[in-house]
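In this note's numbering, the protein residues as written are 2 to 240. Here is the structure we will look at, set down as structure tokens.
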């Protein structure tokens, strides 16, 4: 384990600048949007690499939000540093995903109970078998309760953390992910879940469906940054 000194190579915050509960959108502009529109008494704690991070208050509770970039290696670095250097205990990814099932529609909310993956990230833990990346049941239970209270419909199940956004057009080999009941595909949850499990902290991935592999419907980049607010409200309620 690296020596625990702050600031880190990737986060410019000082000790105590970051709350124990932190929301982790991939897009740093989504972090800024949340800070500007949902938090009070906001302080910006990170601009390193333009990966914006903020700490403020939501309904009187201290909470932070910071971008993570795309893919398992990127969120793997940020979540490791947040956990081991800054003491974060509840890490909630809020991101977008592509639907893989017909009942999962564009703009629906999905809670990733488990994260299958095509990434080799988990293999670096050198486990003697295949690890099942799962979320914190405590956070999942709270998120479901919050969604019910807010009147927000949601899906719960397996998601896929893929290393590829643009897949080559190759014939499938064996069974496909959708056949195994996977709800949606994104790129980060498996790394977050495995880092959290190794450190004994809580993690949850809350997704909004931005496009559908079933219907071909796609949302705009601006819409993804500023209008997928249901997942933001659910995540903020977990602070």
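By construction, the Cβ of each residue, glycine as well, lies at the ideal position given by its N, Cα and C atoms. All values derive from a computational prediction rather than experimental measurement.
Within the model, the alpha-carbon separation for residue 52 versus residue 68 is close to 5 Å.
In the DSSP assignment, residue 231 falls within the unbroken alpha helix (DSSP H) covering 230–237. With fewer than 16 neighbouring CB atoms inside 10 Å of its own CB, residue 171 falls in the exposed class. Under the three-state reduction of DSSP, residue 179 is assigned to helix. In the DSSP assignment, the residues bridged to residue 213 are 100. Between the alpha carbons of residue 160 and residue 87 lies a gap of roughly 28 Å. DSSP lists no beta-bridge partner residue for residue 105. Sorting 100, 199, 102 by C-alpha distance to the C-alpha of residue 125 places 199 at the top.
Taking C-beta separations shorter than 8 Å and ignoring five residues to either side along the sequence, the partners of residue 78 in its chain run 11, following chain order. In this structure the region 84–104 lies against the region 200–212, because at least three pairs of beta carbons, one per stretch, are closer than 8 Å. Across the structure, residue 177 and residue 158 are spaced so that their CA atoms are roughly 16 Å apart. Sixteen is the threshold: since fewer than 16 other Cβ atoms of the shown chains lie within 10 Å of the Cβ of residue 131, the residue is exposed. Residue 140 carries a helical assignment under DSSP once its states are collapsed to helix, strand and coil.
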